[in-house]
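Read the structure below first, then the notes.
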Amino acid sequence: MTLQPDSDPSTRRRPTITDICLITADVDRSVEFYTQKLGFTLRSRMPGFADFQGPGVILALWERNQLEGATGIPGHDASAPGRTVMLACELGSPEEIDRTYDEYRARGVEFASEPRDYPWNARCIYFDGPNGEFWEFFAWYEGGEPGMVEPAAESEAAR
Numbered sequence: 000m001t002l003q004p005d006s007d008p009s010t011r012r013r014p015t016i017t018d019i020c021l022i023t024a025d026v027d028r029s030v031e032f033y034t035q036k037l038g039f040t041l042r043s044r045m046p047g048f049a050d051f052q053g054p055g056v057i058l059a060l061w062e063r064n065q066l067e068g069a070t071g072i073p074g075h076d077a078s079a080p081g082r083t084v085m086l087a088c089e090l091g092s093p094e095e096i097d098r099t100y101d102e103y104r105a106r107g108v109e110f111a112s113e114p115r116d117y118p119w120n121a122r123c124i125y126f127d128g129p130n131g132e133f134w135e136f137f138a139w140y141e142g143g144e145p146g147m148v149e150p151a152a153e154s155e156a157a158r
């Protein structure tokens with residue numbers, strides 16, 4: 000994603016949403032639902048996480064306990080208010096994550112933490128929107144994203 004300079008409000012940087020991530024208590028049950036009942040094609044799978052190939056936007060699932068363990072940010076708990084939707088925006092490089100963090104912070108965005116590197120080979124920043132939505136900006140390091148599903152594994156997951 001290329002972000003526009005911030006000199007004029009009409010040319011401010013605007014994120015491109017690449018993923019919509021549903022926060023779930025049981026990612027295995029959700030994978031079964033989306034593959035078996037709705038016919039989505041599994042794209043990648045890791046402990047507590049899965050995403051599906053789709054037209055334009057990736058639908059992802061992140062198990063709330065895995066989200067909290069990996070990022071320190073609490074996910075949705077059915078017994079209490081919390082996050083249930085995360086909008087993810089892929090940026091062009093880890094350095095762009097840092098520049099975006101500085102720019103958005105200067106505009107008053109409150110982040111959950113400073114930019115960090117995560118074990119899934121990405122640099123990320125997280126913040127809440129005004130309506131309970133949760134945002135992730137991420138950029139892959141060299142080598143790209145882990146957990147990609149091989150075609151044979153994909154067909155087994157769809158059974």
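Per numbering that gives the first Met the number 0, the sequence shown runs over residues 0 to 158.
Idealized CB from N, CA, C, for every residue including glycine.
Keep in mind it's a predicted model, so treat the numbers as computed, not measured.
Proximity winner among the options, relative to residue i (alpha-carbon distances)
i, options, result
"residue 55", "32, 63, 127 and 88", "88"
"residue 19", "86, 134, 133 and 126", "86"
"residue 42", "31, 57 and 35", "57"
"residue 25", "68, 69, 103 and 47", "47"
"residue 84", "125, 114 and 31", "125"
"residue 143", "92, 108 and 40", "92"
"residue 167", "90, 121 and 140", "The displayed coordinates of the chain run from 0 to 158. Any statement about residue 167 would go beyond what the structure contains."
"residue 113", "70, 31, 140 and 39", "70"
Residue burial classification, residue i (beta-carbon count within 10 angstroms, cutoff 16)
i, result
"residue 116", "exposed"
"residue 27", "exposed"
"residue 106", "exposed"
"residue 59", "buried"
"residue 94", "exposed"
"residue 138", "buried"
"residue 62", "buried"
"residue 158", "At residue 158, the pLDDT of 42 sits below 50, so the modelled position is not reliable and the matter cannot be decided from this model."
Spatial neighbours of residue i in its chain, beta-carbon cut-off 8 Å, leaving aside the 5 residues before and after
i, result
"residue 151", "For residue 151, the pLDDT reaches just 49, beneath the cut-off of 50, and the residue's location in the model is therefore unreliable, although a value from the coordinates is still provided. Nothing listed; no residue qualifies."
Cut-off 6 Å between Cβ atoms - residues of its own chain near residue i, not counting five sequence neighbours on either side
i, result
"residue 147", "43"
"residue 119", "145"
"residue 110", "124 and 126"
Beta-ladder partner(s) of residue i, from DSSP
i, result
"residue 51", "41 and 58"
"residue 125", "135"
"residue 84", "21"
"residue 110", "126"
Spatial neighbours of residue i in its chain, beta-carbon cut-off 7 Å, leaving aside the 5 residues before and after
i, result
"residue 128", "134"
"residue 132", "84 and 86"
Quick test of the definition: if touching needs 3 or more C-beta pairs under 8 Å, does the region 95-106 touch the region 36-56?
Put simply, the region 95-106 does not touch the region 36-56. Fewer than three CB pairs are less than 8 Å apart.
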